Amino acid sequence: MHYLRLCILFFCSACVTSKRFNLQVEDFKSNRHRQMQRSEASKPMNRTLLLFKNDVVRLQFCLQRNSFVRVEDLRYSNDGPSDEVSFVLDGQYIGKHTTVVDTNFGQGWNSFHSTGAIGEGKLLPPGRHEINLTVTESDPWGVEVDLVNVDVSDELLDYSHFLCILYCFDDIRYEDIHFTVKDSVPSARFVQNSTLTTCTEMDNVKIDIYHDTATDFMITANLPRYRSFSNQKAPNFDGCNLASPYWIFENVSLSPVRPEIQTSKALMTFSGSGYRVQIVITFSLDMLTPTKEVDDRMIGSVLRIRIPHVKDANVSVNVRYKETNDAWNDLGQINFTSEVTERTWNIPDKTWAYNGANMIHLVVMPNKQDVVIESIRLDRRPTKDRQIHIYDDDDIVIEGLDLDFWYLAPHTMIINRMDNNQSYQDIDVLIVYSKIPWGEGYSQVFVIYQDGTTKLQPVTPHGLDWVPFGSSVIIGQTTISNGRPHAFISRIDLDPYRQYIKLVFNDTSSCILRLETYYTQTKLLIKECIFKKDRQTHPVLTFRSMWEADGNADVDHITVNGDRSRHIVSGWEQLYGTTAVFFRKCISKHNTLSPDIKIHILGKNETVL
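When the letters of the sequence shown are read in order and numbered with mature numbering (1 follows the signal peptide of the UniProt record, and there is no 0), they come out as residues -18 to -1, 1 to 591.
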């Protein structure tokens, strides 16, 4: 797909960023149209439509927002006298083209020509549109059409939406939301700090929320307003670059003078002597994707070497690695034998540098024999989390999680139960389950991590086993470290009977939470917050989510104070108001039923719950 700058001079004097889309004409054929196979036609099908006088092809496409649209080109072939093709866009004539004369005894059908732009660009609203391509004049042999190029002034539009495969609803709005009267509480400032991603398991949407005085907030999670009976919830790592493995080399013949081996992930070089072959493996982790839960760049790893076909004499291997402070850590020497052909070395968490070169150094002593290393690879170490039961009754269950790997370790939370003075150490995640009214089980409705990341959702709907969380809100004033915002929670005071949760942060800031769960929504009241950092430079809440494309996102729009909705990652920098809703207009194949999120800045005397 081509990016270009399209000047629509008829409508505006400025240039706008646009995308070009190809409409394969044969995809819109009717029963009367005849397909032709041509080797020079556009791939992948290499087909055209043979059209005669009065034949019409209706090319349909969809837009997600107001956009300038221009027919940029028609690709066609002809073998005979000229023909005439006219173009109508949404019922309005936009132009015509007279084909070139090409008489080459049938060979002209495989020689393709371009019309160039047809008419002027037009401003079209969201929804479904149609280009009618009509052959108004034709010789007896007709004309063959291959594809139509269309320019659209929407850099976020993708092919699934353009081809009307994606289902979006422009009538999904939140103008009916309640928002505080402006005299009751000043407006918050919602600041756009999102990026783009190809990995749907990475939170790339980041909206910082600033407020000078507010102490009380309400977060509400509702089922999405679009109606879908699909519950797609499995992770999709297709666009992610993960440590599985970090790198691998196979069938390496050992020699101190052999050439280096370069892969897309690592470089292996050789030196030394026939008695002591030195191998240096250099690699970088800057291309790895930090996913929502685990950053593979920080977690420990396992070096695994396999050397089969060892003869009577042992093969010895010494391993050391370079730490981020440039010091070398020696893991010792291990022997390979005819019976022990695979060895592993464990490398601790937070060893590797995010950027720049990481190095592993091997000294292999082959003991006067030819050695072939069948494989040498570096993998992420396996993890196993520990569950801690904290409380249960007929309505709720509360658990803690001690994560095997936590990126803020050694920082963890202490959970204090105020009703029985029992404390739970080394907690990274607190989870609340609510009883399902139409079943025997419980569903997760509330999760809070030690970094302040909070997730809400309603009780699992009837007929479903579970629904995934999607978007999250960081409660507290965040500190940015390695690109990931967090607000250290050092302690949570919990009284299950009074539905009382108090967060105490590392800087002694604090907030009190109250959770209410209903059939269709879950509400979290945040009140009596005391923040210690400068409110001008540190947001009090941070909205996090994922948008890869419309139809593949956990959020795609935002509305503030019931105003017109805006796309979540483009077209705005700052918004002001007291109530924001983060929602989807397009049915998503990722976390289809994960909730819409409303964040409400409360006035001092505002009645809630």
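C-beta atoms are modelled at their ideal positions from N, C-alpha and C, and glycine is treated no differently. Here the structure is a predicted model, which means the values were calculated and not measured.
* Buried versus exposed, by CB contacts within 10 Å (16 or more), Arg16 -> Taking every protein chain shown into account, the CB of Arg16 has fewer than 16 other CB atoms within 10 angstroms, so this residue is exposed.
* Asked: Taking the alpha-carbon positions, what's the Gln223 to Phe34 distance?
  -> Gln is not the amino acid found at residue 223; the sequence shown has Asn there. Their backbone Cα atoms lie some 50 Å apart in a straight line.
* **Where the alpha helix (DSSP H) containing His143 begins and where it ends** => Boundaries of the alpha helix (DSSP H) around His143: Tyr141 to Phe144.
* **Of the residues Thr560, Thr561, Val542 and Asp220, the one placed nearest Trp554, counting alpha carbons only** => Val542
* To do: Please name the residue, chosen from Thr333, Asn296 and Arg288, that lies closest to residue 628 on a Cα-to-Cα basis.
  => Residue 628 falls outside the range modelled here, since the chain spans only -18 to 591, and no answer is possible.
* Might you give, ordered along the chain, the residues of its own chain that have their beta carbon closer than 7 Å to the beta carbon of Asn296, omitting 5 neighbours on each side? => Asn317, Phe318, Thr319 and Asn349
* Can you find at least 3 beta carbon pairs, one from the stretch 2 to 11 and one from the stretch 74 to 91, that sit closer than 8 Å? -> no
* **Through-space distance from Leu495 to residue 659, alpha-carbon basis** => No information on residue 659 is available, as it lies outside the stretch -18 to 591 that the chain covers here.
* Asked: Roughly how many angstroms separate the alpha carbons of Leu175 and Val187, rounded to a whole number?
  -> Here residue 175 is Asn; the residue named in the question, Leu, does not match the sequence. Approximately 7 Å between the Cα atoms of the pair.
* Which value, in whole angstroms, describes the spacing of the CA atoms of Gln351 and Lys293? -> 8 Å
* Which residues bound the beta strand (DSSP E) around His582? -> Residue range Asp578 to Ile583 is occupied by the beta strand (DSSP E) that includes His582.
* For the beta strand (DSSP E) that contains Ser235, what are its first and last residues? -> Trp229 to Ser235
* **Exposed unless 16 or more other CB atoms sit within 10 angstroms - verdict on Glu530** => With 16 or more Cβ atoms within 10 Å of its Cβ, Glu530 is classed as buried.
* Give me the Cα-Cα distance between Val537 and Leu138, rounded to the nearest whole angstrom. => 14 Å
* To do: Any chance you could list the beta strand (DSSP E) runs of at least 3 consecutive residues sitting entirely within the stretch 426 to 450, in chain order?
  => The stretch 426 to 450 contains these whole beta strand (DSSP E) runs: 435 to 438.
* For Phe43, name the three-state secondary structure that DSSP assigns. => strand
* To do: Take Cys181 and list the residues in its own chain whose beta-carbon comes closer than 8 Å to its own, dropping the five residues that flank it on each side.
  => Phe219, Gly221, Cys222, Asn223, Thr271, Thr273 and Glu530
* Identify every run of the alpha helix (DSSP H) within the stretch 38 to 114, keeping only runs that are complete inside it and at least 4 residues long; order them along the chain. => Secondary structure remark: continuous alpha helix (DSSP H) runs of at least 4 residues inside the stretch 38 to 114: none found.
* To do: For Phe525, verify whether its CB is less than 8 Å away from any heavy atom of the ligand PLP.
  => Absence of the ligand PLP from the depicted structure is noted, as is the absence of any ligand whatsoever, leaving it without description.
* Rounded to a whole number of angstroms, what is the C-alpha to C-alpha distance between Val379 and Gln407? -> 18 Å
* Asked: Under the three-state reduction of DSSP, which class applies to Asp9: helix, strand or coil?
  -> In the three-state scheme derived from DSSP, where H, G and I count as helix and E and B as strand, Asp9 is classed as helix.
* To do: Taking the CB atoms as reference points, tell me whether Ile579 and Ser453 lie closer together than 9 Å.
  => yes
* **Ordered list of beta strand (DSSP E) runs contained in the stretch 227 to 300, each at least 3 residues** => Correct list: 229 to 235, 248 to 254, 259 to 265 and 283 to 288.
* With distances taken from CA atoms, which of Ile263, Lys505 and Ser416 is nearest Thr251? -> Ile263
* Asked: Which residues bound the beta strand (DSSP E) around Val486?
  -> Tyr482 to Phe487
* Return the CA-CA distance between Val130 and Val117, expressed in angstroms with no decimal places. => Whole-angstrom Cα-Cα distance: 14 Å.
* Asked: For Met269, is the classification buried or exposed, using 16 other Cβ atoms within 10 angstroms of its Cβ as the cut-off for buried?
  -> exposed
* Asked: Given Val411, which residues of its chain have a CB within under 6 Å of its CB, disregarding the five upstream and five downstream residues?
  -> The residues are Leu383 and Tyr431.
* Asked: Enumerated in chain order, which unbroken segments of the beta strand (DSSP E) with a length of 3 residues or greater are wholly contained in the stretch 180 to 221?
  -> 187 to 192 and 199 to 204
* Asked: Should Asp121 and Arg57 be called a contact, given that it needs their Cβ atoms to be closer than 9 Å?
  -> no
* Beta-ladder partner(s) of Asn317, from DSSP -> Ser298
* Asked: DSSP three-state call for Pro168: helix, strand or coil?
  -> coil
* Can you tell me which of the three DSSP states Lys332 falls into? => coil
* For Asn573, the residue or residues it bridges with in DSSP -> DSSP lists no bridge partner for Asn573.
* Nearest to Arg2 (by Cα), restricted to the options His371, Asp55 and Val38 -> Of His371, Asp55 and Val38, the residue nearest in Cα terms is Asp55.
* State yes or no: is the C-beta of Ala170 within less than 9 Å of the C-beta of Ile583? => yes
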